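Participant: Below you'll find the structure I mean.
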Amino acid sequence: MLSNKNQAQVYGAIERKGNSYHVNFYLRVSSRFANFFTAQNPAPARVAAQLACFNAAIAAEDGFFKISTKSDLTPLIQEWDTKRDNNTSSLRAMAQAFALNPADAQKQADGQRVLDLMRHYALSNDDNYENQGSKTLQFCQAIDGSTTNTAAITNIGATAFYQGLKEANEQCRALIDQRNLERSEAPQQTMVDLRAKTEAEYRDLIFITNAYAMTNDDIHAWDPLLNVLNEDINYYEKTVFAGNGSSSGNNGGNSGEGGDNGGSGDNSGDTPDTPDTPDNPDNPGTPDNPEIPETPETPDTPDNPGGGDNPPVTDQN
């Protein structure tokens, strides 16, 4: 029997990680096979067939993951957020200009009043969507609820900027509410089923790969593939998940759009094709990122001690 270093291990622990980690790891596996088998070094027919099944499964999971986390409303939210940022900056700049100009005492006082209100409500383009929206709403309520504050906006000639800020904020908040509702109605069971399909195809792929590697005339011909597959598991265990005991669950944090950020744009849920670093750790329960139910743990495939075409598969958990 060959030692473990001559076999690819099955990474069963990934089945208990979040969706982003799950998708990214299997995409990495797919890329390893694609790099190893070439026109000059084609895969055996049975390996090629199983690899096709695995690639189809991970493509379906990756596609659904992107659909479930990337909404058609996101570009509109980003567009209105940019308008909100621009009007906030313009209103602040105008208020500062009058606050520093002593030529007209009333306009100087009004500019300072508006500037103080913006500071009081901590308006910042660097806030996430939720915080920026709430603070801007409170600021607008303070302006509209006081004739003195409304007059100050008018007196410094900032009505257009203020109205633009108010409209953009209302649009952003409404679109985010609509997107949250859209996500809450997504079929959660679909992702669970797709994950299970990918896991099953992955295990079969590793099993068949080990069988062919062991029966090849050159016993070390497949070592480059087997070694890099095992090294990827070590990387995930020692680097990606090191000290991260809370990474289980099915919500992949920033791979969804839960980390909306008004200053740097929307953190969309697209999964990188061949990630070298993981997404952020799971962050369930944020306002824009509803939690996806836990995926039931898939029992590991028992070792098969047989020889020939049925080599043992080492399951690293």
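If you read the sequence shown in this note's numbering, its first letter stands for residue 103, the second for the next number, and so on.
Virtual Cβ for every residue (Gly too), placed ideally from N, Cα, C.
Values in this document were obtained by computation on a predicted structure and should not be read as measured data.
1) If you run the structure through DSSP and keep just helix, strand and coil, what is tyrosine 314?
2) Would you mind stating whether tyrosine 113 and aspartate 183 have Cβ atoms separated by less than 8 angstroms?
3) Where asparagine 108 and lysine 299 are concerned, what is the direct C-alpha to C-alpha distance, given to the nearest angstrom?
4) Hey, isoleucine 160 and serine 132: beta-carbon distance below 8 angstroms or not?
5) CB-CB under 7 angstroms to asparagine 188, same chain, minus the five flanking residues each way: which ones, in chain order?
6) For alanine 115 and histidine 322, what's the separation of their Cα atoms in angstroms?
7) May I have the straight-line CA-CA distance separating lysine 119 from threonine 249, to the nearest angstrom?
8) Is the region 220-236 touching the region 300-315 in the sense that three or more CB pairs, one from each, lie closer than 8 angstroms?
9) Buried or exposed: where does lysine 340 fall if 16 or more other Cβ atoms within 10 Å of its Cβ makes it buried?
10) Let me confirm a value: aspartate 319 is counted as buried when at least 16 other C-beta atoms fall within 10 Å, else exposed. Which label applies?
11) On a CA-only basis, which of Asn271, Asn157, Arg275 and Phe263 is nearest threonine 305? Give me that one, please.
12) Less than 8 angstroms separating the beta-carbons of alanine 197 and glutamine 210?
13) Measure the CB-CB distance between isoleucine 258 and aspartate 212 and report whether it falls below 8 angstroms.
14) Hey, out of Ala262, Arg275, Met316 and Leu327, whose CA is closest to serine 192's CA?
15) Roughly how many whole angstroms lie between the Cα atoms of glutamate 284 and leucine 277?
16) In angstroms with no decimal places, state the Cα-to-Cα distance between proline 144 and glutamine 273.
17) Determine the contact status of asparagine 271 and leucine 239, defining contact as a CB-CB distance below 8 angstroms.
18) So, for leucine 225: in the same chain, excluding its five sequence neighbours on each side, which residues have a beta-carbon less than 8 angstroms away from its beta-carbon?
19) Might you give, ordered along the chain, the residues of its own chain that have their beta carbon closer than 7 angstroms to the beta carbon of leucine 328, omitting 5 neighbours on each side?
20) Please report how far the alpha carbon of leucine 217 lies from the alpha carbon of aspartate 174, in whole angstroms.
21) If you check the beta carbons only, do phenylalanine 166 and threonine 292 fall under 8 angstroms apart?
22) Which two residues bound the contiguous alpha helix (DSSP H) that contains asparagine 251?
23) Would you decide whether glutamine 152 is buried or exposed? Buried here means 16 or more other CB atoms lie within 10 Å of its CB.
24) Taking all protein chains shown into account, do 16 or more other C-beta atoms lie within 10 angstroms of the C-beta of arginine 215, making it buried, or fewer, making it exposed?
25) Please report the straight-line C-alpha distance between alanine 162 and alanine 302, rounded to a whole angstrom.
26) What are the boundary residues of the alpha helix (DSSP H) that includes tyrosine 337?
27) Buried or exposed: which applies to arginine 186, given that a residue is buried once 16 or more other Cβ atoms fall within 10 Å of its Cβ?
28) Should asparagine 126 go down as buried or exposed, given a rule of 16 or more other Cβ atoms within 10 Å for buried?
29) Please state whether the Cβ-Cβ distance between asparagine 251 and alanine 244 is less than 8 angstroms.
30) Alpha carbon to alpha carbon, what distance is there between alanine 253 and leucine 267?
31) Distance check for tyrosine 264 and isoleucine 100, CA to CA, integer angstroms please.
32) I'd like the list of long-range same chain contacts for alanine 199, defined as Cβ closer than 8 angstroms, with 5 residues on each side in sequence excluded.
Facilitator: Checking against the coordinates, here is how it stands:
1) helix
2) no
3) 26 angstroms
4) yes
5) none
6) 27 angstroms
7) 55 angstroms
8) no
9) exposed
10) exposed
11) Correcting the residue identity first, residue 305 is arginine in this sequence and not threonine. For arginine 305, the nearest C-alpha among the options comes from Asn157.
12) no
13) yes
14) Ala262
15) 10 angstroms
16) 54 angstroms
17) yes
18) Thr190, Arg194, Gln234, Lys237, Thr238 and Phe241
19) Asn108, Gln109, Ala110 and Ala315
20) 36 angstroms
21) yes
22) 249-257
23) buried
24) buried
25) 14 angstroms
26) 325-337
27) buried
28) buried
29) yes
30) 17 angstroms
31) Beyond the ends of the chain as shown, which are 103 and 419, falls residue 100; an answer cannot be given.
32) Gly213
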